[in-house]
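Undergrad:
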Amino acid sequence: MTFQRSLPSMAAVAVLALVLTACSGNTPADAPGETDAPASPAPTAAVAPSPSPSAEAQLLKGTGIFVGQIDNHSVEIETKEGPTAFELGEGLENAADDLNTDDPVAFEYIEKAVGEDPSVKQRVLSKLVLMNDEGASQSPAAGVLPETKVMKLSLEGSEEEKTAKLATAEGYALYVFDIFSFDAPNNKLAMKVDDGYYAEITKLPSDFNLDYLKEEGTEALKETGEVLALEGDKRPEAMADARLYLSATGSKLTRQYIVKEIEGQGYVFILNIPQREASEGFGPHVFASLNSIVTQ
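Here the sequence shown stands for residues -31 to -1, 1 to 265, numbered as in mature numbering (1 follows the signal peptide of the UniProt record, and there is no 0).
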């Protein structure tokens, strides 16, 4: 009887062992000839190559016939490709002033892409030169100052417009009224009627020291009288933005030492102003001429 009861017990134990084996984390060994499939790598986003920097715009040259000005910022030139529009580059605002329709011209320009379409390009002029009959370039018609300029002056309480002519010196140009003579080698602007009224011009280096210039100016003026640094409404309106304005007045003479930056370039102006008949018109004219300076 005992033996008969033990058989079901042994069978139950065997079944339990099989169930435990099936539920365990141990997997049976692979059958011969079978291999695990390799795990697929996680997908990665494709990285687009960085665009290489665009090459520096190439300077192009050409010749053609000037057609006319399209607007304040562009002109039209007849080239081998036909009528072509060009944008006026920096410093070429007066490009059309000295040109007439049908004038032969030589020019330099760069091409700039417009939007995403590489076939659409903007042509930007950097030089425009009038040509003579032999094809040689004459004075640049653009990028060079016009020969005359009309400037407003306040004379005896009323505003007037007067024309001044272009004059050049080493490193700069300015406009000179007909009451002045300009000695370019000596950088001296003087009245024709009385050359005791004059302005001396000095172009400063880019690293000029204002404190040093103040000492220099004081030394230059002290023989005339007490040196004063003028500020605010004590300065002429035309020189209100000067970096330094020194003045000394004696019994018959006023001398002034002015440091002013024009378009980022520093200049020293030394004014000699006798107390004579011509003194009233000297200031407005000389300040207008000095303010017209263009660095070259």
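Quick reminder that beta carbons are idealized off the backbone N, C-alpha and C, glycines included.
Let me make sure I understand the geometry here. Which of Gly201, Val93, Ile239, Val255 has the alpha-carbon closest to that of Thr187?
TA: Locating residue 187 in the sequence shown gives position 218, where the first residue counts as 1. That would be Ile239, whose Cα lies nearest to the Cα of Thr187.
Undergrad: Within its chain, find whatever has a CB closer than 7 Å to the CB of residue 267; leave out the 5 residues flanking it on each side and keep chain order.
TA: Given a span of -31 to 265 for the chain in the structure shown, any question on residue 267 remains unanswerable.
Undergrad: By DSSP, does Pro253 sit in helix, in strand, or in coil?
TA: Numbered from 1 along the sequence shown, position 284 holds the residue referred to as residue 253. Three-state result, Pro253: helix.
Undergrad: Reducing DSSP to helix, strand and coil, say where Ala189 ends up.
TA: Position 220 of the sequence shown, counting from 1, holds the residue named residue 189. Three-state result, Ala189: helix.
Undergrad: Are the CB atoms of Gly252 and Gly219 nearer to each other than 8 Å?
TA: Counting from one through the sequence shown, the residue named residue 252 turns up at place 283. Counting from one through the sequence shown, the residue named residue 219 turns up at place 250. Taking 8 Å as the Cβ cut-off, Gly252 and Gly219 do not qualify as a contacting pair.
Undergrad: How about Ala136 and Ala153: do their beta carbons lie closer than 8 Å?
TA: Counted from its first residue, the sequence shown places residue 136 at position 167. Counted from its first residue, the sequence shown places residue 153 at position 184. Yes, they are a contact pair.
Undergrad: So, are the CB atoms of Leu222 and Val196 less than 8 Å apart?
TA: For this step, residue 222 is matched to residue 253 along the sequence shown. For this step, residue 196 is matched to residue 227 along the sequence shown. Taking 8 Å as the Cβ cut-off, Leu222 and Val196 do not qualify as a contacting pair.
Undergrad: Comparing alpha-carbon positions, which option in Asp40, Ile46, Ala257 lies nearest Gly31?
TA: If you number the sequence shown from 1, residue 31 lands on position 62. Looking at the Cα atoms, Ile46 is the closest of the given residues.
Undergrad: Check each candidate in Gln265, Ala257, Thr264 and name the one with the smallest Cα separation from Lys134.
TA: On the sequence shown, position 165 is the one that residue 134 refers to. It is Ala257.
Undergrad: Three Cβ pairs or more, each shorter than 8 Å: is that satisfied between the region 118 to 130 and the region 89 to 102?
TA: Touching, no.
Undergrad: If you draw a straight line from the alpha carbon of Arg92 to that of Ala138, how long is it in whole angstroms?
TA: Translated into the one-based positions of the sequence shown, residue 92 becomes position 123. Translated into the one-based positions of the sequence shown, residue 138 becomes position 169. Answer to the nearest angstrom: the Cα atoms are 33 Å apart.
Undergrad: In the DSSP output, what is Phe76 paired with across the bridge?
TA: Working through the sequence shown from its first residue, we reach residue 76 at position 107. BP columns for Phe76 point to Gly31, Leu97.
Undergrad: Secondary structure at Leu61, three-state DSSP: helix, strand or coil?
TA: For the purposes of this step, residue 61 is taken as the residue at position 92 of the sequence shown. The answer is coil: DSSP assigns Leu61 none of H, G, I, E or B.
Undergrad: Per DSSP, what kind of secondary structure is Lys221 in: helix, strand or coil?
TA: Sequence index remark: in the sequence shown, residue 221 carries index 252 (1-based). Coil, per DSSP.
Undergrad: Can you list, in chain order, the stretches of the beta strand (DSSP E) that have 3 or more residues and sit fully within the region 121 to 145?
TA: Taking only runs of at least 3 residues, the beta strand (DSSP E) segments lying wholly in the region 121 to 145 are 127 to 138, 141 to 145.
Undergrad: Excluding the 5 residues preceding and the 5 following Gly84 in the sequence, name in chain order all residues of the same chain whose CB lies nearer than 6 Å to its CB.
TA: Translated into the one-based positions of the sequence shown, residue 84 becomes position 115. Correct list: empty, nothing qualifies.
Undergrad: Just grab the DSSP bridge partners of Ser216 for me.
TA: Indexing the sequence shown from 1 puts residue 216 at position 247. Answer is Leu197, Gln225, bridged to Ser216.
Undergrad: Bridge partners for Gly243 per DSSP, in chain order?
TA: In the sequence shown, counting from the first residue as 1, residue 243 sits at position 274. In the sequence as presented, Gly is not what sits at residue 243; that position holds Pro. Beta-bridge pairing links Pro243 to Leu222.
Undergrad: Would you mind giving the Cβ-Cβ distance between Tyr167 and Asn241, rounded to the nearest angstrom? I have them listed as a contact below 8 Å.
TA: Translated into positions along the sequence shown, residue 167 becomes position 198. Translated into positions along the sequence shown, residue 241 becomes position 272. The pair is a contact, with the Cβ atoms about 5 Å apart (cut-off 8 Å).
Undergrad: Using 8 Å for Cβ pairs, my map puts Gly37 next to Thr70. What's the rounded Cβ distance?
TA: Counting from one through the sequence shown, the residue named residue 37 turns up at place 68. Counting from one through the sequence shown, the residue named residue 70 turns up at place 101. At roughly 6 Å, the Cβ-Cβ gap stays under 8 Å, so Gly37 and Thr70 are in contact.
Undergrad: Quick one: what does DSSP say Glu184 is sitting in, helix, strand or coil?
TA: The count along the sequence shown starts at 1 and reaches residue 184 at position 215. Of the three classes helix, strand and coil, the one that applies to Glu184 here is helix, per DSSP.
Undergrad: Taking the continuous beta strand (DSSP E) assigned at Thr48, which residues delimit it?
TA: Position 79 of the sequence shown, counting from 1, holds the residue named residue 48. Its beta strand (DSSP E) spans residues 43 to 48.
Undergrad: Please classify Leu28 as buried or exposed, where buried requires at least 16 other C-beta atoms within 10 Å of its C-beta.
TA: Along the sequence shown, read from residue 1 onward, the residue named residue 28 stands at position 59. Flag for Leu28 reads exposed.
Undergrad: Using C-beta distances below 7 Å, list every residue in its chain close to Thr48, excluding the 5 sequence neighbours before and after it, in chain order.
TA: The residue given as residue 48 occupies position 79 in the sequence shown. Taken in chain order, the residues that qualify are Gly31, Gly33.
Undergrad: Cα-Cα, which of Asp210, Tyr181, Asp202, Gln225 is closest to Glu192?
TA: Indexing the sequence shown from 1 puts residue 192 at position 223. Looking at the Cα atoms, Gln225 is the closest of the given residues.
Undergrad: Would you grab the beta carbon distance between Tyr144 and Lys161 for me? Rounded to a whole angstrom, and I think it's under 8 Å.
TA: For this step, residue 144 is matched to residue 175 along the sequence shown. For this step, residue 161 is matched to residue 192 along the sequence shown. The pair is not a contact, with the Cβ atoms about 16 Å apart (cut-off 8 Å).
Undergrad: Any beta carbon of chain D sitting closer than 8 Å to that of Ser248?
TA: Looking for chain D here will not work: only one protein chain is present.
Undergrad: Are the Cβ atoms of residue 287 and Ser43 separated by less than 8 Å?
TA: In the structure as shown, the chain begins at -31 and stops at 265. Residue 287 is therefore absent and cannot be evaluated.
Undergrad: What residue range is occupied by the uninterrupted beta strand (DSSP E) comprising Thr171?
TA: For the purposes of this step, residue 171 is taken as the residue at position 202 of the sequence shown. It spans 167 to 172 - the beta strand (DSSP E) in which Thr171 sits, taken as one unbroken run.
Undergrad: Applying the criterion that 16 or more other CB atoms from any shown protein chain within 10 Å of the CB defines a buried residue, is Gln265 buried or exposed?
TA: Start at 1 with the first residue of the sequence shown, and residue 265 comes out as number 296. By the 10 Å Cβ count, Gln265 comes out exposed.
Undergrad: From the DSSP output, in three-state form, read off Lys203 for me.
TA: Here the question's residue 203 lines up with position 234 in the sequence shown. The answer is helix: DSSP assigns Lys203 an H, G or I state.
Undergrad: Can you tell which of Asp210, Asp176, Asp163, Glu200 has its C-alpha closest to the C-alpha of Pro243?
TA: Taking the first residue of the sequence shown as position 1, residue 243 is located at position 274. Among Asp210, Asp176, Asp163, Glu200, the Cα nearest to that of Pro243 belongs to Asp163.
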